[in-house]
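Sequence positions in the sequence shown follow the numbering used here and run 15 to 338. Cβ atoms here follow ideal geometry from the backbone N, Cα and C, with glycine treated the same way. Reading through the structure tokens given below for one structure.
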Amino acid sequence: MYNYKDLGLVNTKEMFEKAYKESYAVPALNFVSIEQYNAIIDAVIEKKSPVILLASPNLHNQLGFEMIARLVQSGTDRLKNLGISAPVALHLDHGMTYEQCVTAIEYGFSSVMIDGSALPFEENIELTKKVVEYAHKYDVTVEGELGTLAGAEEEGDEANLNSHYTDPSMVEEFVRRTGVDSLAISIGTSHGLVKLKPNKDGSLPELRYDILEDIQNRIPGFPIVLHGASTISPKFVDMINQYGGKLKQAIGIPEEQITRAAKMSVCKINIASDGWICALAHTRRILAENPSAIDSRVFTLKIRPELVELYKDKMEIMGSANRI
Ligand code: 13P
Ligand code: ZN
Numbered sequence: 015m016y017n018y019k020d021l022g023l024v025n026t027k028e029m030f031e032k033a034y035k036e037s038y039a040v041p042a043l044n045f046v047s048i049e050q051y052n053a054i055i056d057a058v059i060e061k062k063s064p065v066i067l068l069a070s071p072n073l074h075n076q077l078g079f080e081m082i083a084r085l086v087q088s089g090t091d092r093l094k095n096l097g098i099s100a101p102v103a104l105h106l107d108h109g110m111t112y113e114q115c116v117t118a119i120e121y122g123f124s125s126v127m128i129d130g131s132a133l134p135f136e137e138n139i140e141l142t143k144k145v146v147e148y149a150h151k152y153d154v155t156v157e158g159e160l161g162t163l164a165g166a167e168e169e170g171d172e173a174n175l176n177s178h179y180t181d182p183s184m185v186e187e188f189v190r191r192t193g194v195d196s197l198a199i200s201i202g203t204s205h206g207l208v209k210l211k212p213n214k215d216g217s218l219p220e221l222r223y224d225i226l227e228d229i230q231n232r233i234p235g236f237p238i239v240l241h242g243a244s245t246i247s248p249k250f251v252d253m254i255n256q257y258g259g260k261l262k263q264a265i266g267i268p269e270e271q272i273t274r275a276a277k278m279s280v281c282k283i284n285i286a287s288d289g290w291i292c293a294l295a296h297t298r299r300i301l302a303e304n305p306s307a308i309d310s311r312v313f314t315l316k317i318r319p320e321l322v323e324l325y326k327d328k329m330e331i332m333g334s335a336n337r338i
């Protein structure tokens, strides 16, 4: 059992207040390996950016909550020893049940998402409110979700084929009745590699900034969250396929559209897939180039700098670099 403050973490409250006021978004970066985690901290050091570490409930099955807490603390210690005061939050991504949120808080998470977006409105309110009541006792911030994104959150998860844009007329009531600290909305992004479909003329559809603006006007000053925001660079998809993979080309969210959302009321932007395909593409390449290797460090050591470049780019695109 840990208190997040002892792990060197902060909740998202002040992070979002500053991001909102200064019109940028904090990168929320999913990690599933030590290399990925170290690369995120390397990028924070180089870019002087706040960061939100995203851990899904599945990460517990892989590492165990004790290791997640200690791993995260090793990064905040590293920042402290270098005299870098970058705020770091550890956030439960897509918590689906009250119990998952409680356990994460007990193990030192400073922020949790309760994803009741698939539930009817009243049930989503009831579940979210229950999590908020528990979390706020420990000064932990809570993200809720209204509207649903298409796609699958993790490999092996069932893909949700339908998306429903968030109905702006429902957000005020949801925020007021639940007491959430931030709200994830659906404006055209989707999880995983199932993303944008080009228009008939080949141009790319725009995210529904009209919905975002409507929400912003109804709840001014309130932090909005964007999920499913990976760009899915063709260079990683091509590299995976060049070295034996079989991925279909997918079009992610263009960088300029991310920047535009970050300048509005969006204060947190979630990226998982871009980190995964970057790590996997380079792992496949390095293994193919070193067929007689017997030590996994042949690729673990080399994918870290590739990931650092990816995360540094995200910090520039979202405008979070040099904000500490
Ligand atoms: P991507 O699949 O676009 O990276 O979305 C990640 C996400 O929303 C995690 O919660
Ligand atoms: Zn998500």
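Item                                                                                                            : Value
Reduced DSSP secondary structure (H/G/I, E/B, other) of S196                                                    : strand
One or two residues paired with D183 in a DSSP bridge                                                           : The residue you asked about is not Asp; residue 183 is Ser in the sequence shown. Looking at the DSSP assignment, S183 forms no beta bridge with any residue, so it has no partner.
Alpha-carbon spacing of A307 relative to F313, whole angstroms                                                  : 9 Å
Member of A42, M15, K27 and Y18 whose CA lies at the smallest distance from the CA of S334                      : A42
Contact belief for L106 with P64 at Cβ below 8 Å, rounded distance in angstroms                                 : That belief does not hold up - the Cβ atoms of L106 and P64 are roughly 18 Å apart, past 8 Å.
Contacting residues, own chain, Cβ-Cβ under 8 Å from Q263 (five flanking each side not counted)                 : P248 and V251
G78 classed as buried or exposed, judged by whether at least 16 other C-beta atoms fall within 10 angstroms     : exposed
Contact between the stretch 23-33 and the stretch 292-301 (3+ Cβ pairs under 8 Å)                               : no
Option in Q230, I201, L240 and V145 with minimal Cα separation from L221                                        : I201
Those runs of the beta strand (DSSP E) which lie wholly inside the stretch 213-250 and span at least 3 residues : 238-240
Nearest-angstrom Cα separation, counted from R84 out to D20                                                     : 11 Å
Three-way DSSP call (helix, strand, coil) for V102 in this model                                                : strand
heavy atom of ligand 2 below 7 Å from D288 C-beta                                                               : no
Within 8 Å, strictly: CB atoms of K94 and R337                                                                  : no
H105 CB to nearest heavy atom of ligand 2 below 7 Å                                                             : no
Spatial distance of A57 from E330 (CA atoms)                                                                    : 11 Å
Burial state of E157, where buried means 16 or more other Cβ atoms lie within 10 Å                              : buried
Span of the beta strand (DSSP E) around T155                                                                    : T155 to L160
Three-pair Cβ contact test at 8 Å for the stretch 116-125 versus the stretch 98-105                             : yes
Per-residue DSSP class, three states only, for D91                                                              : helix
Heavy atom of ligand 2 within 7 Å of H205 beta-carbon                                                           : yes
Supposed contact pair V208 and A243 - C-beta distance, whole angstroms, cut 8 Å                                 : Their Cβ separation, rounded to whole angstroms, is 14 Å, which puts A243 and V208 out of contact at 8 Å.
Option in I54, Y121 and L68 with minimal Cα separation from I89                                                 : Rather than Ile, the amino acid found at residue 89 in this sequence is Gly. The candidate whose alpha carbon is nearest that of G89 is I54.
Closest residue to A69 among L141, E159, I59 and C115 (Cα-Cα distance)                                          : C115
Exposure label - E49; buried when at least 16 CB within 10 Å                                                    : buried
Heavy atom of ligand 1 within 7 Å of H178 beta-carbon                                                           : no
Between the CA atoms of A39 and K282 - distance to the nearest angstrom                                         : 5 Å
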